[in-house]
Amino acid sequence: MSHKNNDDKITILLIADNFDPHFAPITVNTAWGKWHLGTTQLLDLALNWISLVNTPHTPDILIFSATLNEDDLTGFQKKWAFNFKSFKTVYCQNCASVGQIVREVHSRGLIPHTDFMFIDNLATFCSSTLSTQIDAFRNIRKKEKNCVMSLLYSRQISGDDRFVGFEANTKKLVIYHGNRERPIPEITQDMFTKGVTIRGDLAPCGIALCSVEVLGQFVDNFDYENFDQVVREILANEDVLCQTIHVDILPENVVAFTATDYGSLLRAQRLLIHRWCYPLTYDRLPARVFDNQVPLRYHRKHVYVPRNEEEPSNAQGTILGRGCSIATSAQLLDVTMGENGSVGPEVQLSSVIVGKNFKIGGKSIVEGAVIGDNVTIGDRVFVGRKSVIGSNVVIPDDAEISSNSAVMATTPPEDNDDIKCTTENGYYLWKLKDEPSGYFWRRSQSFNRTRRSRHASSNQSITSCHNSISMDGPPEQEEVGIKGDVILDTELFFKTFLAETKESMLGTFESGKKTDPAEISKLILEINSSKLANNVSQEDVAKEINSSKLANNVSQEDVAKGVFLSFLSMPPVLNRKWKETEKLFEDWSTVWKNYYRPTGNKIQLLVALEETALENENVMAILPNLVYKAYYDLDDFEDAVLSWHEELPENSPIRQKVQPVIDLINESESEEEETEQSEEDA
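Here the sequence shown stands for residues 101 to 782, numbered as in our numbering.
Structural data, given as C-alpha cells:
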C-alpha cells in the first residue's frame, strides 16, 4: 500500500521568477509573480491549473523565488495551501538564475528521492491534469532507468521556426531546439537511418517531468543558468552520462504553452480570454485571487468585467478591472486592463496588456503593446507595435512612439549593466546592450552569444594561465586546502597531466577501436583520472567525471589546452594527413563536447594550435583547416576564434595563415545579422 501511495505522489518545483533581461522593463518595479495578466497575478494563474495536476490525487508544491519576499509568499500560501497536499515556499534573495535556485533546492534536500515536475516559468499554462503523462513517465522509468526526463510538447502556436527530433519507436529526444539561440539544429545523415522523426509543428510547453538526477546536472555544472543548458548537456554527452530524454507529445485536445517573450504573452492573453485553455478561464478563478474579492463575469464577445459592473458594448476579447471608464466611441480588441482605467473618445486599443490606473486621451492609437501601472497617454498619441511602456510613464499630447520602443519613467537601476538609455520628451528610452537592434520585444538568435562574449571580456582580467582555480565553481570553494604563502608547482602538474593524456589518446588511436563510443568514453575517464591523480581532492571526484571542472592545482583551462595538445601529437596530424585528421576529429566529437563548452576552454584549444603550429610545419600547413573545422563543428565557437585572432601579434605568421578563415566567419556573421534584422522588420 505504501508503494502505491508513493506512486500517486507528485512534487511540483515551481520557479516564481523571470531572469531574462528582456523583461526588465516590466519587472524592474513589480516581481514576476505579482505581475498581472488580465486582472490576475501570474502566480495565481499558475497555481490555479497546477492545483489540478495529477487529479484525483493532490500534488505537493515547492515554490522558490528570489523576487517574492517572505510576506509575498505567505500571502499566496494563505490563498492556495488547502489546494495542495503540502505547500512550501522558499525566499532565496541572492539567487540570480534558475540554475542557482535549483542548486539551492538540492543543497537543502527539499526534493525527495522521487520524480518531480519542473516548471521554470510562471507564464506556463495547461488545460490538462497531466495524469496520463505522469503515469507514462513512471512506467518508462521502471523499464529504462537511464531516462531521466520527459519533455512535454504541444502544438506550435508561436509561429517561430522550431524543430524537435526523436526516435520514432522509442520517442527518445535527439534534436532539441528549445529557444531561438540556435536557429538550425544539427541534423545528420545517421538520424535518417535510425528512423528519427523531425517535426517543426511542435514546441516545448514549459513543463518537464524529471528524476532527481536532473538536479545533479545543475549541481555538477556551476556555470549552467537555465534548463535548456541541462537538456543540451544530456544530449551532447549521452554516452558519457548514460542519460536519455523522452518526448511526450500532448493530445490535440490539450492546450499547453509557455510565454517566453512579449509576443507570446499577448498570444497567451488571447488564448486565455477566448477560452482555449478551458477549464483555466478568468470567470472560473476563485474570488480570493482578486484584490476586491469580486470575481469576473463572462459576457458575449469574450468580454470579462467584475460581476457588479456592466460590460462595454464596444469591446471584444477584453478583460476590465473594477472602476474602468470606456468612452462609447472607443474600440477595444483583445485588451486586458487593470482597475481604474480611463479610455477617451475615438481611442483604438488592439492586442494590449495594460496595468491599473491607466489613462489615455482622445484619438490615440495603441496596437501590440505591453503597458505598466499608472501610465498616462495624452491625446492623439500613436504607439507603434511591439512597444513596452513601463510604470509611471507620462506621454504628452501628439507624441509618436516608434515600434519596438521601451519607454520608461526612470533610468535603469545602477546595478544593471545590461541596459543603456537616452532621454526624450521627459521619459527614457531603454535599449538592451546585447541585442543587435537594442529591442526588448523578442530574443534574437545572437543574443546569448553576444551576452556571453561581453561578460567574458569583462571578466578577462581575473583569468590566469597556470594559477587559476575552477572558474565555474562558487567563490567559497576557490581557496580550499591552499594557504596563501604556498607556491604550487603547477607547471610540473601540467606536464605530468599532458604526458598521461598523450599516452591515453595514443593508446585509443592505436587500439583499432578509435571510433567506438565505449572506447571514447573510456578515454574521457582516463583523462579525468589523470586530472584527479594530479592533486585534485577526492571529494570532487564525482563532480569531475561528469562536468570536467578542475578543483585545486591544475586549472580547467590547462586541461583544455592539454587535451588538444595531445590530439595534435596524433600521427595523422603530425604527418599532415588532413583527411585522416578530419575523420579523427569527427570521431572524437564526444571528447570536444566534454571539454570545450566554456569560451575560455575554446580559446585554450586555439592556443594549443598556435603553439604547436609555430613548432611544427606540418601542423602549420593544416592550421586553417583545423581552425575552420573547430568553428564548424563546435557550438558557439565564433566568439572564441575572433577573440583569439584579435589578440595575436601583428607580425605573427599565425595571423596571416588563418586570415581567410576569419574573413569567412565575419562574412557569415554579417549575413546572419542581416537575416535577423529582416525578420525583426517583418
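Beta carbons: idealized from backbone N, C-alpha and C, even for Gly.
Quick caveat: nothing in here was measured; it's all calculated off a predicted structure.
Limits of the alpha helix (DSSP H) - the one that residue i falls within
i: tyrosine 731; result: 723-733
i: tyrosine 704; result: Here the sequence assigns glutamine to residue 704, which means tyrosine is not the residue at that position. First-last of the alpha helix (DSSP H) with glutamine 704: 699-715.
i: alanine 236; result: 231-243
i: threonine 127; result: 124-127
Rounded straight-line distance, which links the Cα of residue j to that of residue i
i: lysine 109; j: glutamate 710; result: 56 angstroms
i: isoleucine 587; j: glutamate 657; result: Any answer about isoleucine 587 is weak, because its pLDDT of 38 lies below 50 and its placement is not dependable; what the coordinates show is given next. Rounded to the nearest angstrom, the two C-alpha atoms are 19 angstroms apart.
i: arginine 542; j: valine 466; result: 19 angstroms
i: glycine 316; j: arginine 203; result: 8 angstroms
i: glycine 484; j: valine 494; result: 16 angstroms
i: threonine 167; j: isoleucine 115; result: 10 angstroms
i: glutamate 241; j: isoleucine 765; result: It should be noted that the sequence gives arginine, not glutamate, for residue 241. Rounded to the nearest angstrom, the two C-alpha atoms are 44 angstroms apart.
i: histidine 277; j: alanine 368; result: 21 angstroms
i: asparagine 154; j: tyrosine 382; result: 22 angstroms
i: lysine 531; j: valine 507; result: 10 angstroms
i: glutamate 715; j: alanine 708; result: 11 angstroms
i: glutamate 682; j: proline 671; result: 12 angstroms
i: serine 768; j: isoleucine 762; result: 10 angstroms
i: alanine 618; j: lysine 602; result: 19 angstroms
i: leucine 784; j: tyrosine 731; result: Because residue 784 is not part of the residues shown, which for the chain are 101 to 782, the question remains open.
i: glutamate 55; j: arginine 332; result: Not covered by the structure: residue 55. The range shown for the chain is 101 to 782.
i: valine 403; j: alanine 303; result: 29 angstroms
i: leucine 152; j: lysine 520; result: 43 angstroms
i: aspartate 572; j: phenylalanine 322; result: Interpretation of aspartate 572 is limited by its pLDDT of 37, a score under 50 that renders its predicted location unreliable; no figure is taken from the coordinates.
i: serine 604; j: phenylalanine 187; result: 52 angstroms
Bridge partners - residue i, DSSP secondary structure assignment
i: tryptophan 530; result: Cys521
i: serine 92; result: Coverage of the chain is limited to positions 101 through 782, which leaves residue 92 absent and any answer about it impossible.
i: cysteine 310; result: Phe216 and Met249
i: valine 500; result: Looking at the sequence provided, one finds glutamate at residue 500 rather than valine. Its beta-bridge partners are Phe482.
i: methionine 508; result: Tyr528
i: proline 406; result: Leu396
i: isoleucine 460; result: Val443 and Ile477
i: threonine 297; result: Phe266
i: alanine 469; result: Val452 and Ser487
i: aspartate 160; result: Thr111 and Ser186
i: aspartate 304; result: For the sequence presented, residue 304 should be read as proline rather than aspartate. Looking at the DSSP assignment, proline 304 forms a beta bridge with Tyr253.
i: threonine 418; result: Val403 and Val435
i: valine 673; result: DSSP lists no partner for valine 673.
Nearest neighbour of residue i, chosen from the options [CA to CA]
i: isoleucine 219; options: Thr158, Ala660, Thr111 and Lys459; result: Thr111
i: alanine 308; options: Trp688, Val691, Ser537 and Phe237; result: Phe237
i: proline 760; options: Ser743, Lys729, Phe737 and Pro724; result: Pro724
i: phenylalanine 318; options: Ile201, Asp735, Glu750 and Arg208; result: Ile201
i: glutamate 686; options: Lys614, Lys702, Ile722 and Glu333; result: Lys614
i: proline 512; options: Val354, Leu668, Leu529 and Asn504; result: Leu529
i: asparagine 129; options: Ile489, Arg208 and Gly478; result: Ile489
i: serine 464; options: Asp497, Ile453, Lys486 and Asn694; result: Asp497
i: valine 435; options: His374, Tyr696, Asp323 and Thr358; result: His374
i: cysteine 192; options: Ile234, Pro379, Ile163 and Gly444; result: Ile163
i: valine 312; options: Lys661, Val248 and Asn353; result: Val248
i: proline 379; options: His346, Gly209 and Leu145; result: Leu145
i: leucine 734; options: His136, Arg697 and Glu338; result: Arg697
i: alanine 469; options: Asn392, Ser611, Pro121 and Val454; result: Val454
i: tryptophan 180; options: Phe216, Leu143 and Arg208; result: Leu143
i: asparagine 169; options: Ala131, Trp135 and Phe182; result: Ala131
i: valine 389; options: His136, Phe597 and Asn718; result: His136
i: lysine 185; options: Glu500, Pro121, Phe176 and Pro159; result: Pro159
i: valine 481; options: Asn492, Asp473, Ser502 and Lys679; result: Ser502
Beta-carbon proximity list for residue i, same chain, < 8 angstroms, skipping 5 on both sides
i: glycine 421; result: Thr139, Pro406, Met437, Gly438, Glu439, Asn440, Gly441 and Lys456
i: arginine 549; result: Glu281, Asp736, Glu738 and Asp739
i: leucine 433; result: Ala415, Gln416, Gly417, Thr418, Leu449, Ser450 and Ser451
i: leucine 371; result: Phe225, Ile257, Val355, Phe357 and Cys377
Residue range of the beta strand (DSSP E) that includes residue i
i: aspartate 348; result: 344-349
i: glutamine 448; result: 448-454
i: threonine 224; result: 224-226
i: serine 669; result: Unbroken run through serine 669: none, as it is neither H nor E.
i: leucine 433; result: 431-437
i: leucine 273; result: 273-276
i: threonine 681; result: Run containing threonine 681: none in the beta strand (DSSP E); it sits in the alpha helix (DSSP H), 678-687.
Close-in-space but distant-in-sequence residues of the same chain around residue i (CB under 7 angstroms, 5 per side omitted)
i: valine 198; result: Ile115, Phe119, Asp220, Glu325, Asn326 and Phe327
i: leucine 748; result: Ile754 and Arg755
i: asparagine 701; result: Gln656, Glu657, Ala660 and Tyr695
C-beta neighbour in chain D for residue i, strict 8 angstroms
i: arginine 407; result: Looking at the structure shown, chain D is missing, and only one protein chain is on hand.
Close Cβ partners of residue i (< 6 angstroms) along its chain, the five nearest in sequence each way excluded
i: histidine 206; result: Leu315 and Val319
i: isoleucine 349; result: Tyr253
i: glycine 300; result: Phe263
Residue i Cβ short of 7 angstroms to the ligand GTP heavy atom set
i: asparagine 766; result: Looking for the ligand GTP in the displayed structure turns up nothing, as the structure carries no ligands at all.
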